Amino acid sequence: MKAVLMTAAGDPEVLQVRQIENPAVPVGDTELLVRLRAAGVNPIDTKLRKRGTFYPDKMPAILGCDGAGVIEAVGAGVTRFGVGDEVYFCYGGLGDRYGNYAEYIVVEERYVARKPTSLSFAEAAAAPLVLITAWESLYDRGRLEAGRKVLIHAGAGGVGHVAIQLAKLQGAEVCTTVGSQDKAEFVRQLGADQIIFYKETDFVQAALDWTNGEGVDLAFDTVGGKTFYKTVPAVQVYGDLITILEPDPALGNLKTARNRNLRISLELMLTPMLQGLVSAQIHQGKILEECARLIDQGKLKIHLSNTFPLEQAAEAHRLLETGSTTGKISLIIN
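The numbering of the sequence shown is the numbering used here, which starts it at 391 and goes up by one.
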């Protein structure tokens with residue numbers, strides 16, 4: 391099969407198209423052989439490419455956590471799927487097993503959900519990681535309820551644009567940060583109630599003004615770095631601050647957060663895959679099932695801004711690393 395191999399850690403040029411052996415027909419009871427039609431491109435892919443995978447002794451690697459395609463074979467114990475089913479999932483691509491920058495992949499059944507019928511394969515492949523991340527952050531970590539006020543950083547980004555929609559579906563009010571007028575219009579169409587141009591405006595003061603000086607009930611940090619620490623005073627006392635990046639203690643401290651009794655949550659949707667947590671893997675599969683239902687009902691959208699053929703994975707990485715994209719990027723696998 392054709393695959394994009396990461397031959398070493400480094401610049402996008404380390405992604406090389408190669409012909410390798412097809413994966414075997416599933417030998418495990420609960421495995422699926424999927425003919426991939428598209429793969430999502432995520433920031434985790436570019437980070438692993440630059441610094442090395444979680445398993446540096448297993449090289450070369452095939453990156454790509456997100457995939458969508460058609461099942462070609464199933465294990466004897468598979469109960470939920472059959473040959474010909476169209477599916478999407480977040481599985482592989484961390485270095486210990488092949489990822490989705492390829493023509494085929496073998497996937498455990500519990501990770502998989504049926505592809506939303508209203509989405510193309512490219513759109514579906516762009517969705518799993520950001521859907522699970524936003525869902526776990528707002529619903530599982532943040533326990534978001536109707537009537538709450540939420541600050542979402544980088545609302546036009548991959549995770550951010552899904553988070554706005556999930557927050558609105560829960561009945562929350564949303565303010566979000568953006569960097570341009572085009573992105574402001576984009577998040578407005580998603581339902582954002584208040585838009586903050588972070589390059590021109592102090593987002594903390596803007597959030598306090600929006601909440602009559604109290605601060606938001608929940609802040610969702612998808613940016614990291616200094617933004618995490620700067621967000622603390624924008625959250626009300628006893629509020630929630632959730633981040634998908636690891637806080638850097640060199641950039642700030644949690645004294646103000648402690649004084650405000652904030653509940654701080656760290657979200658890494660890769661944990662079930664990295665630690666082999668079966669019940670959490672099943673939960674993530676169910677999140678994708680529920681999101682597929684919402685998508686097909688027209689209540690949730692995935693914005694796919696750019697597609698590239700599989701052979702141009704390096705170009706997709708270059709674009710993502712500019713930090714200027716809206717929504718998601720996918721690789722088309724013909």
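Even for Gly, the Cβ is constructed at its ideal location relative to N, Cα and C. Computed from a prediction, not measured in an experiment: that's the story for all the values here.
Roughly how far, in whole angstroms, is the beta-carbon of Leu-598 from the beta-carbon of Ala-624, given that I think they are within contact range, below 8 Å?
Indeed they touch by this definition, with Cβ atoms about 7 Å apart.
Would you report the Cα separation of Gly-400 and Leu-484, rounded to the nearest angstrom?
Taking the straight line joining both Cα atoms gives about 16 Å.
Does the segment 425-433 touch the segment 463-472, meaning 3 or more C-beta pairs lie closer than 8 Å?
As far as the Cβ criterion goes, the segment 463-472 does not touch the segment 425-433, which means the pair count is below three.
Check Ala-466 in the structure and name its three-state DSSP category.
DSSP places Ala-466 in coil when its eight states are reduced to three.
Using DSSP with H/G/I as helix, E/B as strand and the rest coil, what is Ser-695?
If DSSP states are grouped into helix, strand and coil, Ser-695 belongs with the strands.
So the beta strand (DSSP E) Glu-476 belongs to, where does it begin and stop?
Start and end: 476-480.
How big is the Cα-Cα spacing for Asp-686 and Leu-644?
So the alpha carbons of these two residues sit roughly 42 Å apart.
Give every residue of the same chain whose Cβ lies closer than 7 Å to the Cβ of Thr-612, excluding the five residues on either side of it in the sequence, and list them in chain order.
The answer, listed in chain order, is His-543, Ala-544, Gly-547, Val-549, Gly-550 and Ile-634.
Spatial neighbours of Thr-661 within its chain, please: C-beta separation below 6 Å, excluding the five flanking residues on both sides.
Excluding residues within five positions, none has a Cβ falling inside 6 Å.
Per the DSSP calculation, Cys-565 is bridged to which residue(s)?
The partner list for Cys-565 (beta bridge, DSSP) reads Leu-541 and Gln-584.
Run the CB neighbour count on Thr-469, radius 10 Å, all protein chains shown included, and call it buried at 16 or more, exposed below.
Burial call: exposed.
Looking only at its own chain, which residues have a Cβ that is under 7 Å from the Cβ of Val-415, when we skip the five neighbours before and after it?
Only Leu-423 and Ala-463 meet the Cβ criterion.
Going by DSSP, which residues form a beta bridge with Ile-331?
Residue 331 cannot be examined here, being either before or after the span of the chain that is shown, 391 to 724.
Do the segment 506-516 and the segment 530-538 meet, that is, are 3 or more Cβ pairs less than 8 Å apart?
No, because fewer than three Cβ pairs between the segment 506-516 and the segment 530-538 fall closer than 8 Å, the two stretches do not touch.
Please list, in chain order, all residues of the same chain as Ala-670 whose beta carbon is under 6 Å from its beta carbon, the five residues on each side excluded.
Hits under 6 Å: Pro-662.
If you draw a straight line from the alpha carbon of Ile-692 to that of Gly-717, how long is it in whole angstroms?
So the alpha carbons of these two residues sit roughly 7 Å apart.
Note down the Cα distance separating Val-431 from Leu-710, rounded to an integer number of angstroms.
Their backbone Cα atoms lie some 8 Å apart in a straight line.
Exposed or buried, what is Tyr-478 when buried is set at 16 or more other beta-carbons lying within 10 Å of its beta-carbon?
Flag for Tyr-478 reads buried.
I'd like to confirm the pairing. Which residues does DSSP put opposite Ser-720 in its beta bridges?
According to DSSP, Ser-720 bridges with Gly-430 and Thr-697.
Which class does Tyr-628 belong to by DSSP, given the choice of helix, strand or coil?
Three-state DSSP puts Tyr-628 in a strand.
Taking three-plus beta-carbon pairs below 8 Å as touching, is the segment 519-536 in contact with the segment 484-495?
In short, these stretches do not touch, since the Cβ pair count stays below three.
Distance check for Ser-695 and Gln-702, CA to CA, integer angstroms please.
For Gln-702 and Ser-695, the distance between alpha carbons rounds to 16 Å.
Note the first and the last residue of the continuous beta strand (DSSP E) segment covering Tyr-728.
This structure does not reach residue 728, given that the chain is present from 391 up to 724, and the question cannot be answered.
Starting from the N-terminal side, write out each stretch of the beta strand (DSSP E) that is 3 residues or longer and does not extend beyond the segment 394-420.
Listed in chain order, they are 405-409.
Which residues in the same chain as Ser-508 place their Cβ atom closer than 7 Å to its Cβ, once the five residues preceding and following it in sequence are excluded?
Answer for Ser-508: Ile-685 and Asp-686, listed in chain order.
So is Leu-667 buried or exposed if we call it buried at 16+ other beta carbons inside 10 Å?
Leu-667 comes out exposed.
Work out the CA separation of Ala-553 and Lys-689 for me, nearest whole Å.
Cα-Cα distance, rounded: 13 Å.
What are the boundary residues of the beta strand (DSSP E) that Val-594 is part of?
No beta strand (DSSP E) contains Val-594, which is instead part of the alpha helix (DSSP H) from 593-600.
Going by DSSP in three states, Ala-536 sits in which element: helix, strand or coil?
DSSP places Ala-536 in coil when its eight states are reduced to three.
Among Leu-664, Ala-562 and Tyr-588, which one has its Cα closest to the Cα of Ser-573?
In the sequence as presented, Ser is not what sits at residue 573; that position holds Lys. Out of Leu-664, Ala-562 and Tyr-588, Tyr-588 has the C-alpha closest to the C-alpha of Lys-573.
Relative to the C-alpha of Leu-664, which residue among Pro-699, Tyr-445, Asp-456 and Val-594 is closest?
The residue with the shortest Cα to Cα distance from Leu-664 is Tyr-445.
Does DSSP put Phe-471 in a helix, a strand or coil?
Phe-471: coil per DSSP, three-state reduction.
Under 8 Å between the Cβ atoms of Leu-728 and Leu-652?
The chain is shown only over 391 to 724; residue 728 falls outside these bounds and no answer can be derived.
Use the C-beta contact count for Tyr-628: other C-beta atoms within 10 angstroms, 16 or more gives buried, fewer gives exposed.
Per the 10 Å Cβ criterion, exposed.
In this structure, how does DSSP classify Ile-452 when only helix, strand and coil are distinguished?
Ile-452 falls in the coil class under three-state DSSP.
Can the beta-carbon of Tyr-488 be found less than 8 Å from the beta-carbon of Tyr-501?
Their beta carbons are not under 8 Å apart, which means Tyr-488 does not touch Tyr-501 by this criterion.
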